[in-house]
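Student:
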Amino acid sequence: MLVTLTGGAGAGKTTLAAALAAAAGPGGRVRVLHGDDYYYAEPGRGGVWAPDEAGVPRLDVGDPRSVDAGRLADDIDAALGEARLVVVDGLFARTVAPRRPCARLDVFVDLPADLRLARKIERKCVAGGFPLAVLLRNYVGHRRAAHERHVEPLRARCDLVVDGALAPEALAGQVWAAAAARDGQGRVS
Numbered sequence: 039m040l041v042t043l044t045g046g047a048g049a050g051k052t053t054l055a056a057a058l059a060a061a062a063g064p065g066g067r068v069r070v071l072h073g074d075d076y077y078y079a080e081p082g083r084g085g086v087w088a089p090d091e092a093g094v095p096r097l098d099v100g101d102p103r104s105v106d107a108g109r110l111a112d113d114i115d116a117a118l119g120e121a122r123l124v125v126v127d128g129l130f131a132r133t134v135a136p137r138r139p140c141a142r143l144d145v146f147v148d149l150p151a152d153l154r155l156a157r158k159i160e161r162k163c164v165a166g167g168f169p170l171a172v173l174l175r176n177y178v179g180h181r182r183a184a185h186e187r188h189v190e191p192l193r194a195r196c197d198l199v200v201d202g203a204l205a206p207e208a209l210a211g212q213v214w215a216a217a218a219a220r221d222g223q224g225r226v227s
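In this text, residue positions in the sequence shown follow the working numbering: the first is 39, and each later residue adds one.
1. List the endpoints of the continuous beta strand (DSSP E) containing threonine 42.
2. Return yes when the Cβ of arginine 142 is within less than 8 angstroms of the Cβ of leucine 40, no when it is not.
3. With 16 as the cutoff for other CB atoms within 10 Å, does aspartate 152 come out buried or exposed?
4. Within 10 angstroms of the Cβ of proline 169, are there 16 or more other Cβ atoms? Answer buried if so, exposed if not.
5. Using CA coordinates, which residue listed in Gly93, Arg195 and Leu58 is at the minimum distance from valine 124?
6. Taking aspartate 144 as part of the beta strand (DSSP E), name the residues at either end of that continuous run.
7. So, helix, strand or coil for alanine 90, using DSSP?
8. Beta-carbon separation of glycine 82 and arginine 103 under 8 angstroms?
9. Give the list of continuous alpha helix (DSSP H) stretches no shorter than 4 residues that lie fully inside the region 111–178.
10. Assuming contact is defined by CB atoms lying nearer than 8 angstroms, are alanine 131 and threonine 44 in contact in what I supplied?
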């Protein structure tokens, strides 16, 4: 089965993916793929690139065209052959298109924008040393609008919406229950 976790930056997708894997137990055969690992790495190979203030090309990670969808689909197909559950987390996880037929549950991890931004500041600036002024300039100037344009519309295409403010273990329980309740028609029963 394929479970995708879509939602804004800081919503808790990666944390939920880890909780799903942990809830499966040591013999659970769960494979987690992170959408962040599938962005194009250099200009000219794909993706949407724009120069920053210094003229250095930067990948627009808020645009789904910046994801190497073919490489991700290949890795999902391989993982589906090895694991009983494959979890893909990322801004645009709902858009993944594996070639291998499989049951699928698409989950939107919802969290208000202010809490997502606070989590991102904590992770990238407080813990990671990223300049706060740059993060805020990017958020106000581009990332907020990119979320509304590319991520938020995916909510309506997901089977389940969960509250990213809840404990990861509780969310994992909701996702496992929804996966178990699949009616075979592509929607959560």
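Ideal Cβ positions, reconstructed from N, Cα and C, are used throughout, including at glycine.
Tutor: So, from the listed chains and residues:
1. 40–44
2. yes
3. exposed
4. exposed
5. Leu58
6. 142–148
7. A quick correction: the sequence has aspartate, not alanine, at residue 90. Residue state, collapsed to three classes: coil.
8. no
9. 151–158 and 170–176
10. yes
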